[in-house]
Every structure is written in C-alpha cells, then in structure tokens.
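For the sequence shown, UniProt numbering gives the first residue as 1, with consecutive numbering after it.
Here is the structure we will look at.
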Amino acid sequence: IFMWFVHKGVILTKDNLLKTSWIGNFGCCFCDHNETIKHLFLECSLAKLL
Ligand SMILES: [Zn+2]
C-alpha cells in the first residue's frame, strides 16, 4: 500500500505539504536539496546509502 502511495505521489513529503496550508522549511532533513518523493526515495545521499 505504501508503494502505491509513492507511485501516486500522495506521500506527505514537504513539497506535497506546501500544496496545503503547511508552512515550513522545504529542504530535505538529510541534505541541501528540496524534499520531494523522487528525491527522498531515489536521489538523496542517505537513500543511496541505505
Ligand atoms: Zn536529501
């Protein structure tokens, strides 16, 4: 089910939270890039390490 959410792009990453009324830092917690689903699961240096 979680992977279906990832595929549909409905995981509450910061880029999706910004589409709502959420106010906060758009950056990834682990590096300097913006937090998107693609970044968090495929591109982030921590994801590559794991
Ligand atoms: Zn990152």
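Virtual Cβ for every residue (Gly too), placed ideally from N, Cα, C.
A quick note: this is a predicted structure, and the numbers were derived from the prediction, not measured.
Residues of the same chain with a CB within less than 7 Å of the CB of Ile37, apart from the 5 flanking positions on each side, are Val6, Gly9, Ile11 and Thr13 in chain order. Put simply, of Phe41, Lys48 and Ala47 the residue whose alpha carbon is nearest the alpha carbon of Phe2 is Phe41. Annotation for Phe30 indicates a beta carbon within 8 Å of some heavy atom of ligand 1.
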